[in-house]
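Here the structure comes first, spelled out in structure tokens, and everything after it is commentary.
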Amino acid sequence: MEDLYLQSKKGTSIGQQDLVGRTASINRVFGPGASAQALLTCGGEELAQHASFDPNYKTAKDWIRKRPVGPAVLSSTLISGLVGALIEASFPQTVPVNSSLNFIRPLIVGCEVCARIQIESVNETLRNNKNSNSKTATAISTEQKGYEILLSTQVIRVQDDIVIAEGYHTVWIPCYL
1 MEDLYLQSKK GTSIGQQDLV GRTASINRVF GPGASAQALL TCGGEELAQH ASFDPNYKTA
61 KDWIRKRPVG PAVLSSTLIS GLVGALIEAS FPQTVPVNSS LNFIRPLIVG CEVCARIQIE
121 SVNETLRNNK NSNSKTATAI STEQKGYEIL LSTQVIRVQD DIVIAEGYHT VWIPCYL
């Protein structure tokens, strides 16, 4: 199937499309500095100082079957970020509702991984938006029509199709998009 983020159905609402079963995927290789960069971006300098990666990867990749040696396990933040970026590219301007990702095996420096999402269900929903005005202490409640989309997610190691992580994500798309 063609990737979701490469499709363009302008003028067609989500409810008018048969999306169940459609997929999207992206391949990525993370280098030795990826954990530090992810932690720097997400958590600032204090967290980035504690990133674990193989500082000699450029040398090590030419040694033992082109595999990194030493502490070469990368942060799970990279897996979550890759899946999140794929979902955002596939469904721009959605509202995240729920996310569950189980990490089964470690992500290793230099190994190509493939993140995949598949649409499991699309349900029309009404969401309550409550806005409270602090000056008057009254709540204004509105309902917005939209679509809740359940996605199964999986990250595999490309060389042998071993599952690194898998889970489910739910996003909500307002009807006006």
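Take the sequence shown: its position 7, counted from the start at 1, is 7 in full-length UniProt numbering, and no numbers get skipped.
The beta carbon of each residue, even a glycine, is placed where N, CA and C say it ideally should be.
Check                                                                                                                  : Outcome
Span of the alpha helix (DSSP H), counted from its first residue to its last, around Leu101                            : From DSSP, Leu101 is part of no alpha helix (DSSP H) but of the beta strand (DSSP E) over 95-103.
Selection from Phe103, Glu45, Ile162, Thr94 that minimises the alpha carbon distance to Leu150                         : Thr94
Neighbourhood of Ile87 by C-beta distance below 7 Å, restricted to the same chain and skipping five residues each side : Ile117, Leu151, His169, Val171
When Val20, Ser25, Gly33, Asp18 are compared against Val109, the one with the closest alpha-carbon                     : Gly33
Residue burial classification, Thr41 (beta-carbon count within 10 angstroms, cutoff 16)                                : exposed
Check: Ser76 C-beta below 7 Å from any heavy atom of the ligand SAM                                                    : You won't find the ligand SAM in this model; it holds no ligand whatsoever.
Reduced DSSP category for Leu19 - H, G, I as helix; E, B as strand; rest coil                                          : coil
Pairwise C-alpha distance: Asp160 and Pro92                                                                            : 31 Å
Exposure of Ala85, with buried meaning 16 or more beta-carbon neighbours within 10 Å                                   : exposed
Pair within 8 Å by beta-carbon distance, Ala38 and Val83                                                               : no
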